[in-house]
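Counted the way numbering that gives the first Met the number 0 counts, the sequence shown spans residues 0 to 1137. The beta carbon of each residue, even a glycine, is placed where N, CA and C say it ideally should be. Accompanying notes for the structure given below.
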Amino acid sequence: MAERVQQPPAKRLCCRPGYNPACRQGQRAGGVLCGGAGSAPGGSGNGKTHNPESLLDIAARRVAEKWPFQRVEERFERIPEPVQRRIVYWSFPRSEKEICMYSSFNAGGEESGTSGDNNDETQLPFLRGVTLLEGGWVDNVLQVGFHLSGTVTDPATPSTPELVCSVSVSFDRCKITAVTCTCGNKDIFYCAHVVALSLYRVRKPEQVKLHLPISETLFQMSRDQLQKFVQYLISVHHTEVLPTAQKLADEILSQNSEINQVHGAPDPTAGASVDDENCWHLDEEQVQEQVKLFLSQGGYHGSGKQLNLLFSKVREMLKMRDSNGARMLTLITEQFMADPRLALWRQQGTTMTDKYRQLWDELGALWMCIVLNPHCKAEQKSSWLRQLRRWNSVDVCPWEDGNHGNELPNLTHSLPQGAHGNQEMRPHRTVFTRAIEACDLHWQDRHLQHIIASDLYANYCYHDNQDGSLFDTRGWPLWHEHVPTACARVDALRSHGYPREALRLAIAVVNTLRRQQQRQLEHFRRHKKELLHKGHTSITNMEGWVGHPLDPIGTLFSTLTESGRGGDEGSNTCLDLSGADGSGFMAAHETIQLQRMPVQRLLGDGESYVALAVETALIGLGQQRVMPDGLYAQEKVCRNEEQLLAKLQEVELDDSLVKIFRKQAVFLLEAGPYSGLGEIVHRESVPMHTFARYLFTSLLPHDAELAYKIALRAMRLPVLESTASSGDLSRPHHIVSVVPNRYPRWFTLSHIESQQCELASTMLTAAKGDSRKLETVLESIQKNIHSSSHIFKLAQDAFKIATLMDSLPDITLLKVSLELGLQVMRITLSTLNWRRREMVRWLVTCATEVGVYALDSIMQSWFTLFTPTEATSIVATTVMSNSTIVRLHLDCHQQENLASSARTLALQCAMKDPQNCALSALTLCEKDHIAFETAYQIVLDAAATGMSYTQLFTIARYMEHRGYPMRAYKLATLAMAHLNLSYNQDTHPAINDVLWACALSHSLGKNELAAVIPLVVKSVKCATVLSDILRRCTLTTPGLVSALHSRRNSGKLMSLDKAPLRQLLDATIGAYINTTHSRLTHISPRHYSEFIEFLGKARETFMMAHDGHIQFTQFIDNLKQIYKGKKKLMMLVRERFG
């Protein structure tokens, strides 16, 4: 809070027009200790004797709690001074609870609300205040009327000097209404010095000097005493008060001044006036500033956590029935609505962050609690309704589901009160819509009042089995209301400090849910044949309870479990609704016969609050409900489900809870359209994978068959089934659907599929060693899971489980893993998947673990599993590797059979895709002559049509490497026929292949070289490449390879004047001439030197001919004539070549 040094002006004027000095004869203006005569109602301080409290103290305490002091003065013409003293004494708060609440912002931070980094709880203002008090740092404590003052010293530390703070506190009707401190701290809540002074007064009232209000003291003074008092006051504080004193003196002496028109004078110590609101001090400005600061930080620096702590503080205030709860929430809401990001997000069409969105949800839920306050007055509710409607009408007000307008009907339409005339749809439901609708709710229903008023409310003679009956067959009360709304009432009762009443209503709601569940099961059994024959189902609840903005199941669960732990039992105040809405509370015996229950709080034999909570959670989680629209709403469904399951997992299962699990599991399987695990579910119903996994693990040790039934039923995901029926979106019986048929947009589908995968993985793990169950789980996976990545994950999981190091491999589970892997191969065969190569390698590994027959099987049916490239480069290659042979411990016969299958696969792949598989096929068939020849023939057949020169050159080099130079030569000539190098491609990647082919031909002999050169001349137009080939052919004698086998080689170099080199020389010279003219067409001066070097290389080639000098001279002369305009270039040509 912001503690100001200046004391606020007095709230009311004090005077004594009928003052009689005689009545105060013998009394002094000096003060007495608070614990003086008559002030210790508990008796003597030694604790040995206890005297009864005096009637004066009893009456004074009640007056001090309820009446403003002005009303006391107006009611009685003369109030004896002892009575005044006792009223003033009892007006200060007597409980430390509220002081702690107003001085403990953050359970894990420093006293400044903006700091959350320090986790030392001793830094909390309340605890620091206690430390200062217990250390004796509070001094000069003085109570004058309804004003407490004193000094609190902050002791010196190594880093800070000692600080003496002047503190003052105003109070009224047991509430601190104003505080000031000179420490200068600014925060929402009280500083440590205010806490220390307040606790001093609470814990040591007998040590506080108490005076009547200062106006009472002044009334006892004569004129001379008053003048002396004023002059002394001015003398002591002349620098501060002299200007003000002179101004007031001037105004008082002026007859027409405003101050003389008012009767009496202000007294800051005289207590509150009749019109003052009685509430604890809350610095509104600081609340607004802090919230604005947190929002501006955009979720950084722990601002989201700080805002949640503020919301928790609002709930704490509501629980204490402190009116500042609603006041503080109003201030917070105003700042939220003023957040500039709202307009920006709406303008840009972007959504707010998830954490920020959750803050808005909490804001809406808190307003729901506030307007459902059972004790709020009609004018209060009207004021809140106006506020809510104003916020609701702002364009940037966030929508309830985050993205879309949820066109659900008004939530109060189904209420038993029935006084709701507005049935129109709202185009968009905002976060405040439910609170606005809740303003129409009331607590006047007689049955509702009976439920929350007594544990004993029951009617054992009531046997009405109609849908709207007020009691179940056991005679226990039911409450028929829209479930989220009924749970909102429970939350409101808890939030406003009525835990017992909340528990009673929660039990009635749970009993209603159980009865409704039983009736649904009976109805489905009667119409089962008809519904199953139609083959479709209905969404029975368009607004699911899990993921609902009001979190009805979470509310019931928390209410019941906290009661089971003895959590909310601290409140001894009973809820009296007699004046809540202007109607009297009818006693239960006036309408219904009350009978005393044999057990506590309407619990059945063997039941407990925890058991009720667990059953409630199971009912809510198993409800069939439609997937909501919008990313945020769908994420909220997932998040809420996970939160509920996390709470359930904290509960240790005993026999009674297992019995409840069994009962609910059977219902889920048999309840048809009312259950998310019914025989047929609607295509858009929320999947049950996460919930079923929890049920499966919980039931497995106790009833394995039931556990598997639940999990296998939950595996389905109808939204991905192309043949799934669209279903019937209308609700059965009298319930009308309000959701239009639409194509689902499931933003959380990837999360849902991952949960489906987790469920399957859990079943696979549990079924290890049970071949029948493994087969069933495998069939379910193959039928229901459509994501290749998730099936692959399951296959990997099964493989890991089956091959654990501490046990022998589980061959059945290995086969399941292999089957799943084969399914992945089939799914991804014709689709792109970046993990495909990894999947293929893994499958071969898995098949290896299964055995040689599995490897042989995948090679036999390779065309349904792999591409030809995968089959040859990965599958067959891995199968024929030494590591595989060693791993399988194969004998020679088995090795040969496996190799034969691999070669057959390789040849089939080469036939299907020779471009990519021919080389692999040749490699795999090396050890089998017939297969190798077949592969080579496939290459030759494909060379003329389908293979590129690159592929052919690669295979040709392989052939040379394997010792087949003639076959390499054949393939090289075929490759040359597909090649075309233009004049400027002097860096083409195929140049090395061309040079290699020419070298191979040259090494084989003159005839082979003569056959290749025409192909080279035809395919290569690049002068530098041709000159390189020409030079190489003239350096060595052809036929070095063949010379090793025959004597055909003459040992002479080939002549450039005869074929075939003459043809190559002419082609090279021609290429230089053509390239020169091409380069001169668009040459720039910066390329002149490079061009001259190029002509130098051309001259070297020209000179290889017998008349080369003449040809080159003529060539240069032609250049000079044709390109004489390029004077600088031609000058360079003359300088170099003449």
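| Item | Value |
| --- | --- |
| Assigned exposure category for Gly-677 - 16 Cβ within 10 Å defines buried | buried |
| Three-state secondary structure (DSSP) of His-210 | strand |
| Inter-stretch contact (C-beta, 8 Å, three-pair minimum) for the segment 276-283 and the segment 223-234 | no |
| Inter-residue Cα distance where the pair is Gly-474 and Leu-387 | 40 Å |
| Contact set for Tyr-101: own chain, Cβ-Cβ below 7 Å, skip 5 residues either direction | Phe-188, Tyr-189 and Trp-279 |
| Nearest residue (CA-CA) to Gln-206, options Asn-139, Thr-243, Asn-184 and Leu-973 | Asn-139 |
| Collapsed DSSP secondary structure at His-495 in the structure displayed | coil |
| DSSP three-state assignment for Asp-360, whether helix, strand or coil | helix |
| Those runs of the alpha helix (DSSP H) which lie wholly inside the segment 226-263 and span at least 4 residues | 237-252 |
| C-alpha distance - Ser-816 paired with Arg-840, whole-angstrom precision | 14 Å |
| Range covered by the alpha helix (DSSP H) that runs through Thr-908 | According to the sequence provided, residue 908 is Cys. The question's Thr does not apply to it. Its alpha helix (DSSP H) spans residues 891-911. |
| Per-residue DSSP class, three states only, for Met-0 | Here the model assigns Met-0 a pLDDT of 47, short of 50, so the residue's position is not dependable, and the following value carries that caveat. The answer is coil: DSSP assigns Met-0 none of H, G, I, E or B. |
| Cutoff 8 Å; reference Ser-753; Cβ partners in own chain excluding five residues on either side | His-789 |
| Close-in-space but distant-in-sequence residues of the same chain around Ser-302 (CB under 6 Å, 5 per side omitted) | Phe-293 and Gln-296 |
| Inter-stretch contact at 8 Å, needing at least 3 Cβ pairs: the segment 492-501 / the segment 620-630 | no |
| Beta-bridge partners of Gly-149, as assigned by DSSP | Val-166 |
| For Phe-470, the three-state DSSP class (helix, strand or coil) | strand |
| Backbone secondary structure at Ser-749 - three-state DSSP | helix |
| Pairwise C-alpha distance: Tyr-982 and Ala-1022 | 6 Å |
| Enclosing beta strand (DSSP E) for Gln-142 [first to last residue] | 137-143 |
| Within the segment 932-991, ranges of the alpha helix (DSSP H) (whole runs, at least 4 residues) | 948-960 and 964-976 |
| CB contact check: Thr-484 to chain C, cutoff 8 Å | Within the model displayed, chain C is absent; a lone protein chain is all it includes. |
| 7 Å CB neighbourhood of Gly-363 in its chain, flanking five on each side removed | Val-430, Phe-431, Arg-433, Ala-434 and Pro-548 |
| Three-state secondary structure (DSSP) of Gly-128 | helix |
| Nearest-angstrom beta carbon gap, Gln-914 and Met-946 [assumed within contact, 8 Å] | 5 Å |
| Cα-Cα separation between Thr-883 and Thr-877, rounded to whole angstroms | 7 Å |
| Endpoints, the beta strand (DSSP E) within which Val-178 is located | 174-180 |
| Contacts around Met-319, its chain only, beta-carbon distance under 8 Å, and the 5 residues preceding and following it disregarded | Lys-96, Glu-97, Met-100 and Gly-496 |
| Per DSSP, the bridge partner or partners of Ser-655 | DSSP lists no partner for Ser-655. |
| When Asp-796, Cys-924 and Ala-505 are compared against Ile-552, the one with the closest alpha-carbon | Ala-505 |
| For Val-166 and Val-151, believed in contact at Cβ under 8 Å, the rounded distance | 6 Å |
| C-alpha gap between Glu-895 and Glu-634, whole angstroms | 57 Å |
| Proximity test, Leu-281 beta-carbon vs the ligand ATP heavy atom, cut-off 7 Å | Only the bare structure without any ligand can be found here, which leaves the ligand ATP out of the picture. |
| Inter-residue spacing [alpha-carbon to alpha-carbon] between Thr-922 and Leu-999 | 22 Å |
| Whole-angstrom distance between Gln-334 and Gln-289, CA atom to CA atom | 10 Å |
| Contact set for Ser-655: own chain, Cβ-Cβ below 7 Å, skip 5 residues either direction | Gly-605 and Ala-610 |
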